Each structure stands twice: as C-alpha cells, then as structure tokens.
Amino acid sequence: MDQSSKVAVLLRRVPTSTLMRIFTLVKEERYDVFDVSKGPWVLSHVCRDWRAILLSGSLWSGSSVDQTKRSFKLKDPLALLQTALSRLGPFHPLDFTFKTSHGYVDDSQKSIVDDLLLQVIQVSKQWRIATIELSSERMPTLFTVRNNTRNLKTLHLKCSDIHEFGTIDTFALAPNLSKVALQNFGHLKNRIELPYPRLVEFSDDREWGDESMTEYYVSLLRRSPKLERLLTNHQLLGPPGKSTFSKNKSSIITNVSVRDLHACDSALMRRISLPALESLTVNSRDVTLPDDILPSIRDMLVRSKCPLRTLSIFDSPGHSDLIRILESTPQLTELRLRFPSWSKKQDNTIKSLIGKARGILPQLQVLDINMYDWEFLGVGFAFVSTGLLDLVKARPRLRELNVQVLTQDVLTGLSQKDLSELRALKSQGRELSITTRGEYRKGEDDQRFTQTERLRVYV
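Sequential numbering of the sequence shown, starting at 1, is according to UniProt numbering.
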C-alpha cells in the first residue's frame, strides 16, 4: 500500500461529526467563490466522504464575490456562484462580500456582474452580514430586496464612486438590522433610511457637508434610542478651521444610550447631550479641525454630565481649552493626543497638563502623546521633563505612558537620573516609552538613549 493510500484509509476512520467540527473551525470567514483551489472547493476534491460532508450548507455560509480579484477572470463566475449558493441551501444564513469595480473592460463583463448581483439578491432572505460595494449606477438595484431582508443584522455599504444616487430606503424595515457602516457615499444627497429604533452602531466616513448633514446626524441620534456607537468624520463646508453652522439653532438632542462617539463637527457637538458617553474620539483624518472644536467638546461634556473614561483627540489645536476639557472629566482613565503641528503655545499647554494631571485626572491609567509632522521640526519639547517622572511616581495607576515626537534634537529635559528611575519603573511592569523620530547620523552616542537611523529610545 503506497503512502497516499495509507493516508486515505486513516482519513476514512475519522468520524463524520469530528470532520464536520474540524471543517467548521478552520473555514475562512469569507472564501473566494471564484478560487476553486482554496476553501470548501478544494476540500470537496479529497475523497467521497469529505465531499458528502461539504454538502453541509454551514460550510458555504461565508463567501466573497469580488470582481476586482484575478480569480474572477479565470473561471465561469456565474456558474461557480450558482453552485456555491445551491450548496448553501435555502435555510442557512449568508455572510458575504460583494465587490465590484467602477469601470469595466467591456459590456459583457458588465453583464456578468449584473447577473452575479441578481443571484445574490435572490437569496436576500438569508443575508445576515452583508458587505456590499456598488457603483452609484447600481445602488438602485438594492430596492429589489425591500421587505426581504428579515435575517440581516449587519450592513457595510460602500459606493465605488462619488456620484449622486439619492436616498435608499431598502433597509428601513429590516427587522433585525442593528449595525450599519457607510463608506464613500460622497455626494451630500446620498442618504440611507434605516430601522432607527433598532440601530446599535452606525458609521459614515464622509468628511464634508452642509448643515443638512449635521441635521441628519442629529435626527439619527433623536430617532435611535438604542444607539451605542456613532462614528462620523463630517465637518461643515467652509474655510479651513472654521465652522459655518448657525449658532442660533439651540435645540439640544439628548440620547441616553450612546457610549462611544467619533466626531469632529463642532456644530454637532453643540446640538447634543450624551449622558452615557464613555469614549470620545475626535479625528479629522486629512483635514484641519475647526478652531471652535475644543470649546464645543467641553460644552457638550459639561452639558452631558457623562462618565467619560477614554478621550482621544487627533489633529488637536492643543490650546488652553484642552485643560478646561480635562478639568470637566475627572473619571478619565485614558487620554490620547496627536498633534499634526507644534508650537511654543502647545508645548506650554502640554507642560501645564502634565503638571496638573495629578490633581485633575486622579483615575488616569493611559497617557499617549504623539507629534508627527516633519514641517514643524525645531520647536522644543519642554514638557518632556522631570514632570513626567513625577507624574508616573505619584500615580501608581498610570500603567502606560507613551511619548513620541519628531525632532533632530536630544531631549534634555530628563536627566540621566530621571531616565534611570523611569527605566526601573518600566522593569517593574509599567508600560513606559519615550522616543523621538528623525534622521540621525551614526556615531551620535549618548547614554541617555539608544539609537537607530530613524529612532531614539530614551525609555
């Protein structure tokens, strides 16, 4: 008996229930429908017993239909998808990705994609987790699944271009839909109606808009009593760093369920009260935060009287309003700050923060400060001083301190003795890190740090 025959005999001795369990544990989250060399396709070629097990619909429940992959062009994609869906069966839930590109080589390819989309739409009753990327031209196709998505729980919808397609109300009555993520919706008039009373998570990555977008998010908060997480990147159109929202709109919307908010629109901050808020992230991605964002955040936090635990401000203006925010959040345990620019004023603000942190942030466990823009090299970092050591020593709860800045200069605010004490505390289990990034010459030896070409490690 040759080696392959011996292996086959051993495989046949494995109980069917055990094989089924193994296949379930090792299956990909999303197998490529068009790649027959992987996933359930290849397992079904091993032997007759395995092929019988692979007829179980649960092993075909996570699929990826991706026109942009090379495998799309190698086989008959429509036949493969039809086979995969037939093996799924009519009762198993479907978690899938359907992705198309914006352009097509020819009309025949466009027709194939239309046929593939139709196949997926025909099993919309089985959708459970749907990740769909379509062009604005194809978005209206989703209207055909209205009232036919009873098992849908999570929807990630992306537009592959930025053109207008209007309002999609297809999922407004989906009885189990609770998590929705919108990506690249672009045009201001592109909206989606949702089952707001059941919504738990919502995200939308659009960066710019007019007052109607702010009103859209305010309305979403008002209509979503179960919403726990809201992620937006929206700012009002206007001059960089300026908010154009009318301050006369004074009505405040209270949502008592939101615990996690990602937002950078000062107009939105002025309109909301979130008494349950525990985590706030302010991140403008590639644009400048409005000048009034920090005062708006402080007013929102004071109004909300919330138990904020985590605060992350990226691209922060970094002025004295930051201290005022922290004075209103005594329960804060994590503070993360990112600065795209640096100035003497910001340095003084952070130095003041380090000095006051022992008093205004008694629960602080994580402090992370990062300055990352090359254009502002040369400005000093006086806040990196003995004050950091004093803070760590005075606050045993402060388990993590991370400071990273861009500079060519040596940080002189910490003495060799200070650094030795910080390293000793690190050896005791505290997560402490003080580093600088730059372009350093070899041979610049200093006992205060270890160095590579682009990194100096002090602690």
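Where is the CB? At the ideal position from N, CA and C, for every residue including glycine. These numbers were taken from a predicted model, which means no experiment stands behind them.
Note to self: What does the Cβ neighbour count give for R441, buried or exposed, with the cut at 16 atoms within 10 Å?
What the structure shows: The count along the sequence shown starts at 1 and reaches residue 441 at position 441. R441 comes out exposed.
Next item on the list: Just tell me which of E334, A382 and T435 has its CA closest to the CA of V405.
Entry: Counting from 1 along the sequence shown, the entry for residue 405 is found at position 405. The shortest C-alpha separation from V405 is found at T435.
Check: Any idea if P90 is buried or exposed, counting beta-carbon neighbours within 10 angstroms, 16 or more meaning buried?
Finding: As a position in the sequence shown, residue 90 is number 90, starting the count at 1. Flag for P90 reads exposed.
Check: In whole angstroms, what is the alpha-carbon distance linking S61 and D76?
Finding: The residue you call residue 61 lines up with position 61 of the sequence shown. The residue you call residue 76 lines up with position 76 of the sequence shown. Each residue's Cα considered, the two are about 20 Å apart.
Next item on the list: Can you have a look at L190 and say buried or exposed, based on whether 16 or more other CB atoms are within 10 angstroms of its CB?
Entry: Position 190 of the sequence shown, counting from 1, holds the residue named residue 190. Correcting the residue type first, residue 190 is Asn in the shown sequence and not Leu. Its Cβ being crowded by 16 or more others within 10 Å, N190 is buried.
Check: Which residues bound the alpha helix (DSSP H) around G62?
Finding: The residue given as residue 62 occupies position 62 in the sequence shown. Boundaries for G62: no alpha helix (DSSP H) harbours it, while the beta strand (DSSP E) harbouring it runs G62 to D66, taken from the DSSP string.
Check: Can you tell me the Cα-Cα spacing of Y31 and R229, whole angstroms?
Finding: Position 31 of the sequence shown, counting from 1, holds the residue named residue 31. Position 229 of the sequence shown, counting from 1, holds the residue named residue 229. Between Y31 and R229, the C-alpha separation is close to 29 Å.
Note to self: So, under 8 Å CB-CB, K351 and A394 are touching, yes? Tell me the CB distance rounded to an integer number of Å.
What the structure shows: In the sequence shown, residue 351 corresponds to position 351, counting from 1. In the sequence shown, residue 394 corresponds to position 394, counting from 1. The pair is not a contact, with the Cβ atoms about 16 Å apart (cut-off 8 Å).
Item checked: Neighbourhood of P225 by C-beta, 7 Å cutoff - its chain only, sequence neighbours within 5 removed -> Along the sequence shown, one-based indexing puts residue 225 at 225. Counting only Cβ-Cβ distances below 7 Å, and skipping sequence neighbours, we find P197 and S257.
Item checked: Boundaries (first-last residue) of the alpha helix (DSSP H) holding E211 -> The residue you call residue 211 lines up with position 211 of the sequence shown. E211 -> alpha helix (DSSP H) spans E211 to R223.
Check: Going by DSSP, which residues form a beta bridge with V33?
Finding: Walking along the sequence shown from the start, residue 33 turns up at place 33. Answer is none; V33 lacks a bridge partner.
Check: Cα-Cα, which of T131, K158 and Q119 is closest to residue 460?
Finding: This structure does not reach residue 460, given that the chain is present from 1 up to 459, and the question cannot be answered.
Notebook entry, point to check: For S178, which three-state DSSP category applies?
Noted result: Taking the first residue of the sequence shown as 1, we reach residue 178 at position 178. Note: S178 maps to coil in three-state DSSP.
Check: Excluding five sequence neighbours on each side, which residues of the same chain lie with their C-beta closer than 8 Å to the C-beta of F96?
Finding: Position 96 of the sequence shown, counting from 1, holds the residue named residue 96. Closer than 8 Å at Cβ, skipping near neighbours: R30, G62, S63, S64, V65, V120, W127, I129, A130 and T131.
Notebook entry, point to check: Tell me the DSSP bridge mates of Q404?
Noted result: Looking up residue 404 in the sequence shown gives position 404. Looking at the DSSP assignment, Q404 forms a beta bridge with N370 and T435.
Notebook entry, point to check: Taking the runs of the alpha helix (DSSP H) that are 4 residues or longer, which of them lie wholly in the segment 288-335?
Noted result: DSSP assignment within the segment 288-335 yields the following whole alpha helix (DSSP H) runs of 4 residues or more, N-terminal first: 293-304 and 321-327.
Checklist line | L152 - DSSP class collapsed to helix/strand/coil | finding: Here the question's residue 152 lines up with position 152 in the sequence shown. Of the three classes helix, strand and coil, the one that applies to L152 here is coil, per DSSP.
Notebook entry, point to check: Looking at C-alpha atoms only, which residue of T333, F314 and Q331 is the closest neighbour of residue 460?
Noted result: Nothing about residue 460 can be read from this structure; the chain reaches only from 1 to 459.
Notebook entry, point to check: Taking the C-alpha atoms as reference points, what is the distance between D445 and G429?
Noted result: Here the question's residue 445 lines up with position 445 in the sequence shown. Here the question's residue 429 lines up with position 429 in the sequence shown. D445 and G429: Cα-Cα distance of roughly 27 Å.
Check: Under three-state DSSP, which class holds V457?
Finding: Position 457 of the sequence shown holds residue 457. If DSSP states are grouped into helix, strand and coil, V457 belongs with the strands.
Notebook entry, point to check: S427 lies in the alpha helix (DSSP H); which residues open and close that run?
Noted result: The count along the sequence shown starts at 1 and reaches residue 427 at position 427. That run of the alpha helix (DSSP H) goes Q416 to S427.
Next item on the list: Could you check which residue in Q346, L59 and T100 has the C-alpha nearest to that of L85?
Entry: If you number the sequence shown from 1, residue 85 lands on position 85. That would be L59, whose Cα lies nearest to the Cα of L85.
Next item on the list: Could you check the C-alpha separation between S433 and Q235 for me, to the nearest Å?
Entry: To locate residue 433, count along the sequence shown from 1; it is residue 433. To locate residue 235, count along the sequence shown from 1; it is residue 235. Rounded to the nearest angstrom, the two C-alpha atoms are 34 Å apart.
Note to self: Considering only their Cβ atoms, is the gap separating A267 from T214 smaller than 7 Å?
What the structure shows: Position 214 of the sequence shown holds residue 214. Position 267 of the sequence shown holds residue 267. Their beta carbons are under 7 Å apart, which means T214 touches A267 by this criterion.
Notebook entry, point to check: Which of helix, strand or coil does DSSP assign to V384?
Noted result: On the sequence shown, residue 384 is found 384 positions in, with the first residue counted as 1. Coil, per DSSP.
Notebook entry, point to check: Mind checking A79: buried by the 16 CB within 10 Å criterion, or exposed?
Noted result: Position 79 of the sequence shown, counted from the first residue, corresponds to residue 79. Burial call: exposed.
Next item on the list: Return helix, strand or coil for T83, following the three-state DSSP convention.
Entry: Working through the sequence shown from its first residue, we reach residue 83 at position 83. T83 falls in the helix class under three-state DSSP.
Next item on the list: Output the boundary residues of the beta strand (DSSP E) element that contains A172.
Entry: Within the sequence shown, numbered from 1, the residue matching residue 172 stands at position 172. From DSSP, A172 is part of no beta strand (DSSP E); its letter is neither H nor E.
Next item on the list: Below 8 Å CB to CB, which residues in the same chain sit around E431 once its five sequence neighbours on both sides are set aside?
Entry: Translated into positions along the sequence shown, residue 431 becomes position 431. These residues qualify, in order along the chain: R399, E400, L401 and N402.
Notebook entry, point to check: For L134, which option in G438, R338 and V113 has the closest C-alpha, if you only look at C-alpha atoms?
Noted result: Within the sequence shown, residue 134 is the residue found at index 134, counting from 1. Looking at the Cα atoms, V113 is the closest of the given residues.
Checklist line | DSSP state of Q183 mapped onto helix, strand, coil | finding: In the sequence shown, the residue the question calls residue 183 occupies position 183. Here Q183 sits in strand by DSSP.
Next item on the list: Kindly list the residues whose CB is nearer than 6 Å to the CB of T281, restricted to its own chain and excluding five residues on each side of it in sequence; keep chain order.
Entry: For the purposes of this step, residue 281 is identified with residue 281 of the sequence shown, where counting begins at 1. Within the same chain, T281 has close Cβ partners H262 and S312.
Next item on the list: In the DSSP assignment, find the unbroken alpha helix (DSSP H) run with I162 in it and report its ends.
Entry: Stepping through the sequence shown from its first residue, residue 162 is reached at position 162. That residue, I162, is in no alpha helix (DSSP H); it is neither H nor E in DSSP.
Next item on the list: In the DSSP assignment, find the unbroken alpha helix (DSSP H) run with D347 in it and report its ends.
Entry: By 1-based counting over the sequence shown, the position of residue 347 is 347. Unbroken alpha helix (DSSP H) run through D347: K344 to I360.
Item checked: Nearest neighbour of L364, chosen from D390, V384 and Q331 [CA to CA] -> Indexing the sequence shown from 1 puts residue 364 at position 364. Taking only the C-alpha atoms, the option nearest L364 is Q331.
Notebook entry, point to check: If we ignore side chains and look at the alpha-carbon of each, how far apart do P195 and V384 end up?
Noted result: On the sequence shown, position 195 is the one that residue 195 refers to. On the sequence shown, position 384 is the one that residue 384 refers to. Cα-Cα distance, rounded: 50 Å.
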